[in-house]
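Right, one structure below, let's go through it.
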Amino acid sequence: MLITCPYCGPRDVIEFTYQGDGNRERPQPASQDLDAWNAYVYDRLNPAGDHNEIWQHSGGCRAHLRVVRNTLTHEISSVAFTRGHHKVAARHKAEGKI
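Each residue of the sequence shown is one higher than the one before, counting from 150 in my numbering.
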C-alpha cells in the first residue's frame, strides 16, 4: 500500500506508523469519568468503507497525517497534514535531517 505524504510524495506503508482512528474525541485530561475513558481506550468501530485515520510518517518527515482509507479495498482517497506539521517537515529538510 502506498501513502502519498504531502511533503515527501508517495511512500510505501512500511515508512508509516498507524496512530489510530481519526474520529475519536479524547475526554478532557482532568476528567474522572471512567466510562468516558473506558470508551475512548477500548471501544472501536469497525466500519466497512471510507474511514478517517491518523498516521505518522515515522520513516520520513515524521509528520502526522489524516488519511481517508477504504477498509474494504485499502484505497486511499485523501491525505493531509493533521495540523501545522508541514512547518516541522520543512525545518527538518532545511537542516538536512530528511
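Here a beta-carbon is modelled for each residue, glycine too, at the ideal position from N, C-alpha and C. Just so we're clear, the structure is a prediction, and the values are computed from it rather than from any experiment.
Query                                                                                                : Result
Rounded to whole angstroms, what's the CA-CA distance from W186 to P155? Just pull it up for me.     : 33 Å
Nearest CA to the CA of W204: which residue from V162, H223 and E224?                                : V162
Taking the alpha helix (DSSP H) that A188 falls in, what are its first and last residues?            : L183 to Y191
In whole angstroms, give me the CA-to-CA distance for S226 and A197.                                 : 15 Å
Which first and last residues belong to the beta strand (DSSP E) in which N195 is found?             : Taken as a continuous stretch (DSSP letters only), N195 belongs to no beta strand (DSSP E), as it is neither H nor E.
So is R218 buried or exposed if we call it buried at 16+ other beta carbons inside 10 Å?             : buried
For I247, name the three-state secondary structure that DSSP assigns.                                : Any reading at I247 needs caution, since the residue's pLDDT is 47, under 50, leaving its predicted position unreliable; the model's value is listed next. Three-state result, I247: coil.
Could you check what DSSP says for E164 in three-state terms: helix, strand or coil?                 : helix
Suppose you measure from the CA of S153 to the CA of G171; what does that come to, to the nearest Å? : The displayed chain sequence assigns Thr, not Ser, to residue 153. Taking the straight line joining both Cα atoms gives about 17 Å.
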